[in-house]
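In this note's numbering, the protein residues as written are 514 to 580.
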């Protein structure tokens, strides 16, 4: 899976668990974007490039990278 912002193929996986809460997050080591994929939909959790032209575009919690 590619980073939704910079399209880098490398990623660090984080598995968060607390009680019934279970979330698998991905973090891009290049740009620092953190995202989650659930039921085929991607949601940006942290967009460190929010003020640049690489900002992720969001609609109903589904995020795609600006081209």
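Glycine is no exception: its CB is placed at the ideal position from the N, C-alpha and C atoms. Just so we're clear, the structure is a prediction, and the values are computed from it rather than from any experiment.
Assign residue i to one of two classes, buried (16 or more other C-beta atoms within 10 Å of its C-beta) or exposed (fewer than that).
{"i": "residue 528", "result": "exposed"}
{"i": "residue 517", "result": "buried"}
{"i": "residue 522", "result": "exposed"}
{"i": "residue 539", "result": "buried"}
Assuming residue i and residue j make a contact with CB atoms under 8 angstroms, what is their CB distance in whole Å?
{"i": "residue 543", "j": "residue 561", "result": "About 11 angstroms separates the two Cβ atoms, so there is no contact after all."}
{"i": "residue 555", "j": "residue 548", "result": "6 angstroms"}
Who does residue i pair with in a DSSP beta bridge?
{"i": "residue 521", "result": "DSSP output for residue 521 lists no bridge partner at all."}
> Hey, which unbroken runs of the beta strand (DSSP E) at 3 residues or more fall wholly within the region 527 to 563?
Replying inline: 534 to 540, 547 to 551, 554 to 559
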